[in-house]
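Participant: Structure in structure tokens, see below.
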Amino acid sequence: MSSDLAEIVLPAALEHARARAAEQGLSYAGGVTPQQAWQLVQDGAAQLVDVRSAEELKFVGQVPGSQHVAWATGTALTRNPRFVRELEARLAKAGGKDAVVLLLCRSGKRSVLAAEAAAKAGFSNVYNVLEGFEGEIDANGQRGHGDGWRFHGLPWQQD
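Each residue of the sequence shown is one higher than the last, beginning at 1 in full-length UniProt numbering.
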């Protein structure tokens, strides 16, 4: 291990996420709240990668400065067979498979699948952004009224 990697100290939010992930037997590094994710990105401690489809980013909105690697594509959300390769290429300059990466999807479910696939492929610091961009569906069949990135008033933009 290089001396640079040996000196990396994970922020407290990521250490806590790792501890919870170990307790739960998760294959990836764990989950962080949208607020923690935004702070980590602002501090330069992590890369935010949105795994939603291009259509979702365009029509629903996206986090400024986030990167995009679709877990699934199109309106049928067909699994992207190149996801891991594309993620690795996208993060090459940020540390590749050792980069601290936060995966964001609509509700925090697809990003779990993406985190599991990334961890299986050797990514050592991949985290799920809990609640996702829009949050869970509420009793009225709508998202964004109780949780999620936008609900918490975090930065986002729309085309």
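Yeah, the Cβ is synthetic: ideal placement off N, Cα and C, and Gly gets one too.
Can you tell me where the alpha helix (DSSP H) holding residue 26 begins and where it ends?
Facilitator: Residue 26 -> no alpha helix (DSSP H), and no H or E assigned at all.
Participant: Just mark residue 147 as buried or exposed, buried being the case when its beta carbon has 16 or more other beta carbons within 10 Å.
Facilitator: Buried, since its Cβ has 16 or more Cβ neighbours within 10 Å.
Participant: Using C-beta distances below 6 Å, list every residue in its chain close to residue 149, excluding the 5 sequence neighbours before and after it, in chain order.
Facilitator: The answer, listed in chain order, is 34 and 133.
Participant: With distances taken Cα to Cα, identify the nearest neighbour of residue 113 among 47, 153, 28 and 62.
Facilitator: Of the listed residues, the one whose Cα sits closest to residue 113 is 28.
Participant: If I'm right that residue 49 touches residue 67 with Cβ under 8 Å, what's the distance once you round it to whole angstroms?
Facilitator: About 5 Å; that satisfies the 8 Å criterion.
Participant: To which residues does DSSP link residue 73 through a beta bridge?
Facilitator: BP columns for residue 73 point to 78.
Participant: Using only CA atoms, which one of 57, 31 and 102 lies nearest to residue 41?
Facilitator: Out of 57, 31 and 102, 102 has the C-alpha closest to the C-alpha of residue 41.
Participant: What does residue 68 pair with, by DSSP beta-bridge criteria?
Facilitator: According to DSSP, residue 68 bridges with 50.
Participant: Look up residue 63 in the DSSP assignment and say whether it is helix, strand or coil.
Facilitator: In the structure shown, residue 63 sits in coil (DSSP, three-state: anything other than H, G, I, E or B).
Participant: Can you tell me which of 93, 88 and 105 puts its alpha carbon nearest to the alpha carbon of residue 73?
Facilitator: Checking every option, the nearest Cα to that of residue 73 belongs to 105.
Participant: Could you give the DSSP three-state label for residue 1: helix, strand or coil?
Facilitator: Confidence at residue 1 is low in this model, with a pLDDT of 38, below 50, so its placement is unreliable and no value can be given for it.
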